[in-house]
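Chains A and B, in that order, are what the protein sequence lines are. Quick note on our numbering: the first sequence kicks off at 33 and runs consecutively. Quick note on our numbering: the second sequence kicks off at 7 and runs consecutively. Structure first, commentary second.
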Amino acid sequence: MGSFNWLWLLPFLPLAGSVCAATMHFGTLRARKEGNTGTRLSSIAGLIACGVMAAALALSLYAFIQLAGNREVTALESSSWAWIDAGSFSVELSMVVDRLSSVMLLVITGVGFLIHIYSIGYMKGDPGYAKFFAYLNLFVFAMLMLVLSSSLLGMFVGWEGVGLCSYLLIGFWHEKGWPAEAGQKAFVFNRVGDACFLLGSFLLIAIFDTLDLSDIANSVQANIGANSRLMALAALLLFGGACGKSAQFPLFTWLPDAMAGPTPVSALIHAATMVTAGVYLLLRLNPLYAAAPTVLFIIGCVGALTALIGASTALMQRDIKKVLAYSTVSQLGYMFLGIATGAWSAALFHLVTHAFFKGLLFLGSGSVIHGMRDEQDMYKMGGLRRHMPRTYITFLAGAAALSGIPLTSGFFSKDEILAHTFLHGGLYWPLWIVGIFSAILTAFYTWRMVALTFFGDERFDANKIRPHESPATMTLPLSILAVLALAGGLLNLPALHIPGEQALRDWISPVTAAGDAILYAGAQAHHPSLWLELVLLALGSAIALVFAHKGFHGFKNGWQHDDAMRSKRPELVGFLEHAWMVDSTYAAKIVAPLRLASYVIATLVDQMLIDGMVNGAGRLAMKSGSKLRSVVDGSVMSYALWMGAGASILTVVWTCF
Amino acid sequence: MNDYIEALGYLAPELALTALAMVILVWDLLKKGRDSSHLGYATVAGMAVIAWMLLGQWDSLGDSGRHPETILGMVVIDRFGTFFKLFTVGSLAVVALYVLFDKRERKHGIGEYYFLLVGAAIGIFFMVSTNNLLLLMLGLELLSLASYSLAGFHKGDKRSAEAALKYIVFGGLSAGVMLYGISLLYGLTGTIDLNAMGTGSEGVGLAAQFATSPVPVAVAVVLVLAGFAYKVSVVPFHFWTPDVYQGAPTPVTTFLAVASKAAGFAVLLRFIGALFMVEGVQETVMAYSERIGLLLAILAAVTMTLGNLSALRQTNLKRMLAYSSIAHAGYVMIGLAAMTTQGFSAAVFYLAAYYFMNLGAFGFLLYFEGAAGSEDVASLKGLGWRYPVVSIAMVVFLISLTGLPPTVGFYGKLVLFYAGVDAGLAWLVVVAGLNSALSLFYYFRIVKSLFLAQADDKSGDGEPGLGGLIAVLSVATIVVGLFSGPLQRWSDSGTESLGLPPLEESK
């Protein structure tokens, strides 16, 4: 180990791509100033960005093959580099690809590459075309830093970097106004999480005296007992960080607003990669969580609650991207539920399949929006399957996976999480019920969305809007993702006949071994018996099929079903439409008092007290400044006198004191 | 004879520098003063060669970082000296480029310009690599004489002439004072070698002398200190600085503010280290080194405060930067006053940080003089939008001079303050912190002027090459700030080669 220095290329290639694209952007601006369009420069930026992603994907595959080819080697590590070397405190940073990060790598570069290709078509003609790719590549750089860093500090750099890119990309069309506000909201919510992340890291330094991730993971076992409480607190704080980044209750409300960004951004950042960073963080530190069962239960409650809030809110949305956003919130909740039950591989499995199918659904919705001339309201769509056949077919594949139609990827991954929750029993029983209920809602809202978008009458003015199929650069990534969404379950088929033979679980077992050892402490892990697993799978299939059918038939002729609900239970519908009133609670209980307090502080404390002091000090300094200037009058004699006086004073000070 | 030849091998960089000076002089004569820009390029190329030689020397010095023998009985070859030689070479290369890029400088008949710059560098080379007070004085005088001529290089310009005259008068005064101090030291200890003076290996050690007759020792040391303090513009020996810096041609000011000042500090560090941080001295005469530490701390506090306060009201950018450089001398003095290896290393590091940010700031001044034809802060108005790259670079330098992250100035202040607190000088660090806040005020007046006002379209075009050089320096200011490890290690091993005792118990 230690010689895999080419791993540094992985994050830094996209960074170089970003710099190139940014240069192209400035070139375009200059060309525009001179009266040219500058589109050629811009399109080069897009090509560079995609090329860089292809290279990164190739490197990721190479790293994966290296790992897969030799099962003895569990991690590739570049030589480390002393980033900070200040006396007693030093931080060494290296790039590490182990079994866990190799999976993340493939998702980021693979799905990322497809989304880059898609963006070429989607962003065509946008004035900020090159800028978009500069941001997108910068995002990939930060995300790879996050995943590959050997140290929590390096991870934090990536963590902040993806947050910054998310902010920039949500507000990409900032001249419209509301995207800028949405970006700001996302940033503020993430700050809350980041503060928790930092506090957690400080605590980890205090406990382990290092920020190296593998060192921390390996020394948890030795600290159980002496430092259990501190470790639990650190775990909880880091989970708080994960809540911000991965949009968990109560910090989830920024994600739906983040849909103000271009759709490829929603697919890449707010579905496939960045929002799963929290899950990755917890997986990376799995022994820390295994040692804190209470924290795990809290995570389970938060995850289940978030799954329920997300799924129920998605029921009543009219905006197609909002449906998908709340659905993402809900699916992330499932991942955390999986972690809470100690089913590390199940959480990662769902992360991967979710990246496939949710990325696909977002890109599909983008294709729809593109064809509908920026219309996002599903009530104004309908019957699109005739106009956009490719988008339609691929969208169906994504919807099937999301709702858990049997044999699709989402079916296997979601069921595995629910099965583990069921097996865990005890306090996790209610969580299982919440999970099942959310699954019912998921199937329903997914097919409601499909029906409203692609079926029924055309509820738009066909003369004004002529829906058309998107170009090949957009439909090709859709097709690839559709295949992955359908067949992704192969990664980790349930242990039906050969117990313990699950590809993904075995693959990451070196990473999760430490956590498992603490969790089960000698006892055997829960393995469902064959019949129980069959029953659970059957239950999952039944739920998916029945409620998908209900959702589809309720809406295939329009949204009358929604209206019926609205008139029957107006307060419930309002509650759901506004995501359980979380935002308005924030506005009333946090934002308003803060505004008041900041107004008081700004006027009374700052303007009068502090400014008064500062201005007073400033005036004093200015006065003494001009006094000093009069001393420096340019005459050599007086200078010499001062020097002589100075030397005498120094001598006196030295000899007499 | 063979020994002699061998010894000359160690002086190869100095000899190369001298040869370069000769080449420049003769070449200029042959060309009869026509187009002198070749000489500028020759200077830069020569600096590259000498830097390469110095790097070789750096590597060839073993673990101790020191050549065991004193070459020709006078010259000490150690990493400390090599560090400052590299520093000088680096500054001189940039300054030579500044001269080349200086729009207002004549392009003909300025061959002596480069000759004088290289001559000054020869002086610095000798003064930073000796423990012998005689050679030190000679090097210092060589530097000074070259500097006087450089300051008055624009003979027709009244201010330049005035600057040169003031510089000579003060330089002569301080040289006299210093020589008097040196003669007293010689009289007290019977040697002119600093190490021997400190340890008392030949004749009587200074510490022993202090125990019996403190006043003559104090007078002698203060007089020598005054000479150094003049060179690095520490209050109250700084009065020449604003006038000379303002009057001299800007590239010369840059040279004085960066290379000459760093050389002064190198000598000061060596002087204090050799005389006061000697093993065994603490036990015999506690007051001996503690008092000098206190003295230096007071000088530091007064210097940074007066420097910053005076800079507040300046309307002339060049003069403001002159006062700012005085304030920065005060910051470096913290590391000196700490009287620990850590503090010395911090001071060395800060000087290196100062290299990037101050060269850049003066480069901006030069660029701006060329473009706007004025030195007033007021006439910077709105230029940020006209010359975005150079102006953003200037903002980086100002951030670094203030000491804010993520720049090298921040890291430099961090290690200085750290060393200060470790040495029990918390009060001084507080003063320095307040001073940094104060400096923000005048530094950011420049930023405000650059970006928050509308330009009146009178300014001409800047020099693109100069702009590029400034941009490179600003990138370096940030990069070295983020990745300070290598530079930190360099200044550490440079300082360690002085062979100072760890002095842990004196805290």
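For every residue, glycine included, the Cβ atom is placed at its ideal position computed from N, Cα and C.
Q. Taking the C-alpha atoms as reference points, what is the distance between A459 of chain B and I452 of chain B?
A. 11 Å
(Q) Less than 8 Å between the C-beta atoms of I80 of chain A and P509 of chain A, yes or no? (A) no
**Q.** Whole-Å CB distance - I476 of chain B paired with G313 of chain B, under 8 Å assumed
**A.** Wrong, their Cβ atoms sit about 24 Å apart, outside the cutoff.
Q: Along the beta strand (DSSP E) that carries D130 of chain A, what are the first and last residues, could you check?
A: V128 to D130
Q: Please classify T242 of chain A: does DSSP put it in a helix, a strand, or coil?
A: coil
Q: Indicate the three-state DSSP secondary structure (helix, strand or coil) for T345 of chain A in the structure shown.
A: helix
Q.
Quick check: the Cα distance between A18 of chain B and I83 of chain B, rounded to an integer number of angstroms?
A. 11 Å
**Q.** Contact with chain A by G68 of chain B, beta-carbon distance below 8 Å
**A.** no
Q) With R537 of chain A and S377 of chain A assumed to form a contact (beta carbons below 8 Å), what rounded beta-carbon distance in angstroms separates them? A) 4 Å
Q. Going by other Cβ atoms of all chains shown within 10 Å of its Cβ, with 16 needed for buried, is R85 of chain B buried or exposed?
A. buried
Q | Inter-residue Cα distance where the pair is T242 of chain A and I248 of chain A | A | 7 Å
Q. Among A:G276, A:A323 and A:G342, which one has its Cα closest to the Cα of A227 of chain A?
A. A:G276
Q: Compare the C-alpha of D249 of chain B against each of B:F159, B:E168 and B:P220 and name the closest.
A: B:E168
Q: Return the chain-ordered list of same chain residues with a C-beta closer than 7 Å to the C-beta of L149 of chain B, the five sequence neighbours on each side being excluded.
A: A126, G129, I130, M133, S266 and A269
(Q) Measuring only the C-alpha atoms, how far is Y701 of chain A from V189 of chain A? (A) Lying before the first or after the last residue shown, residue 701 of chain A is absent from chain A, which here runs from 33 to 689.
(Q) I'd like to know if the region 268–286 of chain A and the region 145–160 of chain A are in contact, where contact means that at least 3 CB-CB pairs between them fall below 8 Å. (A) no
Q. Any idea which residues DSSP pairs S136 of chain B with across the strands?
A. Position check: residue 136 of chain B holds Thr in this sequence, whereas Ser was assumed. Beta-bridge pairing links T136 of chain B to B:V81.
Q: Put L125 of chain A into one of helix, strand or coil per three-state DSSP.
A: strand
Q. Going along the chain, which residues of the region 163–183 of chain B sit with their C-beta nearer than 8 Å to a C-beta in chain A?
A. K172, V175, F176, L179, S180 and V183
Q.
Helix, strand or coil for F261 of chain B? Go by DSSP, reduced to three states.
A. helix
Q) With a cut-off of 8 Å, do at least 3 Cβ pairs link the region 198–214 of chain B to the region 641–649 of chain A? A) no
Q. To which residues of the same chain is I425 of chain A closer than 8 Å at the C-beta, ignoring the five residues directly before and after it?
A. A514
Q. Got a sec? Which residues, its chain only, sit under 6 Å from M155 of chain A by beta carbon, not counting five neighbours each side?
A. Y161 and F164
Q) For a contact meaning CB atoms closer than 9 Å, what does R451 of chain B contact in chain A? A) Simply none; closest approach about 12 Å.
Q.
By the three-class DSSP mapping on this structure, what secondary structure does S207 of chain B have?
A. coil
Q: Determine the burial state of S561 of chain A: buried for a count of at least 16 other Cβ atoms within 10 Å of its Cβ, exposed for fewer.
A: exposed
Q: For A272 of chain B, I'd like the list of residues in its chain whose CB is within less than 6 Å of its CB, leaving aside the five on either flank, ordered along the chain.
A: F90 and V134
Q: Name the residue from A:S278, A:P462, A:M640 and A:G101 whose alpha carbon lies nearest to the alpha carbon of V307 of chain A.
A: A:S278
Q) Residues of chain A with CB under 8 Å from I278 of chain B, in chain order? A) Those do not exist, as I278 of chain B stays about 13 Å from chain A at its closest Cβ, beyond 8 Å.
Q: Would you mind giving the Cβ-Cβ distance between S5 of chain B and S442 of chain B, rounded to the nearest angstrom? I have them listed as a contact below 8 Å.
A: Look at the range of chain B in this structure, 7 to 513, and you will see that residue 5 of chain B is not part of it.
(Q) Using a Cβ-Cβ cutoff of less than 6 Å, which residues in the same chain neighbour T544 of chain A once the five nearest sequence positions on both sides are dropped? (A) N318 and W376
Q. Can you list the alpha helix (DSSP H) stretches of 4 or more residues lying completely in the region 129–187 of chain A, in chain order?
A. 131–154 and 161–180
Q: Please check if any C-beta of chain A sits within less than 8 Å of the C-beta of A232 of chain B.
A: yes
Q: Assuming A336 of chain A and V466 of chain A form a contact by the criterion Cβ under 8 Å, report the distance between their Cβ atoms to the nearest whole angstrom.
A: 4 Å
Q) Is it the case that the Cβ atoms of L5 of chain B and S153 of chain B are separated by a distance below 8 Å? A) Absent from the model: residue 5 of chain B. The displayed extent of chain B is 7 to 513, so no value can be given.
Q.
Tell me which residues share the same chain as M53 of chain B and place their Cβ nearer than 6 Å to its Cβ, disregarding the 5 neighbours each side in the sequence.
A. V95, L98 and A99
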